[in-house]
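Novice: Residue numbers (the numbering used here): 214 to 337. Yeah, the Cβ is synthetic: ideal placement off N, Cα and C, and Gly gets one too. If you scroll down you'll find the structure; I have some questions about it.
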């Protein structure tokens, strides 16, 4: 609860430290690992590479269908210009959310952007 409170207050460094403690106590909770990855990324100039990506992979190892981990994994792949992989993660996630929801619309936009960028990198 402390980690989530820090996150909601935008205190990402404090949240990261609290999530580190929480995952040490409950290492089998994919949601905790995904939240930890998010907080750490926000505390690290919003970069998902490095330690945040390791945490995302841990979350997906525990639960390959974890929504937050799938979203973050797609974002990490997009950040690295691996648009095909980003699309795969986001398509897996979009299948789990209600159709015509804001989340589905947002994911569709992100998938379309990744497809556009993937096409433009092939054209070069």
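With a CB to CB cut of under 6 angstroms and the five nearest residues on each side skipped, what residues in its chain are close to residue 216?
Specialist: Counting from 1 along the chain shown, the entry for residue 216 is found at position 3. Correct list, in chain order: 228, 231, 232, 235.
Novice: Measuring CB to CB, does residue 303 end up less than 9 angstroms from residue 324?
Specialist: For the purposes of this step, residue 303 is identified with residue 90 of the chain shown, where counting begins at 1. For the purposes of this step, residue 324 is identified with residue 111 of the chain shown, where counting begins at 1. Yes, they are a contact pair.
Novice: For the pair the region 243 to 255 and the region 274 to 284, tell me if three or more CB-CB distances fall below 8 angstroms.
Specialist: Touching, yes.
Novice: Which residue spans inside the region 257 to 296 form an unbroken alpha helix (DSSP H) run of at least 4?
Specialist: DSSP runs (the alpha helix (DSSP H)) wholly in the region 257 to 296: 264 to 275, 280 to 292.
Novice: Which residues bound the alpha helix (DSSP H) around residue 217?
Specialist: Start at 1 with the first residue of the chain shown, and residue 217 comes out as number 4. First-last of the alpha helix (DSSP H) with residue 217: 215 to 221.
Novice: Residue 256 and residue 225 - do their beta-carbons sit closer together than 9 angstroms?
Specialist: Counting from one through the chain shown, the residue named residue 225 turns up at place 12. Counting from one through the chain shown, the residue named residue 256 turns up at place 43. Contact annotation: residue 225 and residue 256 have beta-carbon atoms nearer than 9 angstroms.
Novice: Using only the alpha-carbon positions, how far apart do residue 262 and residue 288 sit?
Specialist: One-based indexing of the chain shown puts residue 262 at position 49. One-based indexing of the chain shown puts residue 288 at position 75. So the two alpha carbons sit approximately 10 angstroms from each other.
Novice: Any idea what DSSP makes of residue 190, helix, strand or coil?
Specialist: Because residue 190 is not part of the residues shown, which for the chain are 214 to 337, the question remains open.
Novice: As a quick exercise: from 320, 314, 295, 243, pick the residue whose alpha carbon is nearest that of residue 330.
Specialist: Locating residue 330 in the chain shown gives position 117, counting from the first residue. Residue 330 has its Cα closest to that of 295, out of 320, 314, 295, 243.
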